[in-house]
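Okay, structure first, notes after.
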Amino acid sequence: MDGAFVSVVSIPVADQDRAKAFYTGVFGFELVMDREFREGMRWVMLRPPGGGAAITLVTWFPKMRPGSVQGSVLSVPDLDAALSELRRRGAPLADVSVEEAPWGRWITLEDPDGNSWVIQEDRPFAA
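Position 68 (the sequence shown) corresponds to 845 in the numbering used here; numbering is contiguous.
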């Protein structure tokens, strides 16, 4: 599959408006699209501020329960700066601690539905 890349990841949520407010307000994602694509089905697409794959906030996949996506990674150049920005934007960080590993430093943060995100500062390492 030469040339293939991840373009959209579906994030299951219970309330698209609440999730959209979180992802745009707390994470700073850019709204790409918000409109009905079928009767009763709304396409809410957002993109991280640094670009990359977009996410869609979905409610229509029966096997994807809100909160079931775990461990998606958002890479940031400076975790301390990202934490300051997240705090300023009202992220729930009271019980969050910075973890370290050979590949970098990270925190784990959940959206309002319990989908977990790893906010990670990558560290170059040898294979």
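Beta carbons: idealized from backbone N, C-alpha and C, even for Gly.
Taking a cut-off of 8 Å for Cβ pairs, the segment 809-819 and the segment 843-862 do not touch, as fewer than three such pairs fall below it. The beta carbon of Leu-856 sits closer than 6 Å to those of Arg-882 and Glu-898, all from its chain and outside the five residues before and after it, given in chain order.
Under the DSSP assignment, Ala-796 falls in the alpha helix (DSSP H) whose first and last residues are 793-802. Excluding the 5 residues flanking it on each side, Ala-791 has same chain C-beta neighbours closer than 6 Å at Pro-843 and Asp-890, in chain order. The alpha carbon of Met-822 has as its nearest neighbour, out of Arg-865, Gln-793 and Glu-887, the alpha carbon of Gln-793. In the three-state DSSP reduction, Ser-893 falls in the strand class (E or B). Using a 10 angstroms sphere on the CB of Trp-880, the tally of other CB atoms stays under 16, which defines it as exposed.
Runs of the beta strand (DSSP E) lying entirely within the segment 832-858, each at least 3 residues long, are 849-853 in chain order. Relative to Trp-820, the option among Asn-892, Ile-788, Ser-874 and Pro-854 whose CA is nearest is Ile-788. Minimum Cα-Cα distance from Arg-795 among the listed residues Leu-851, Val-835, Ser-874 and Ala-878 corresponds to Val-835.
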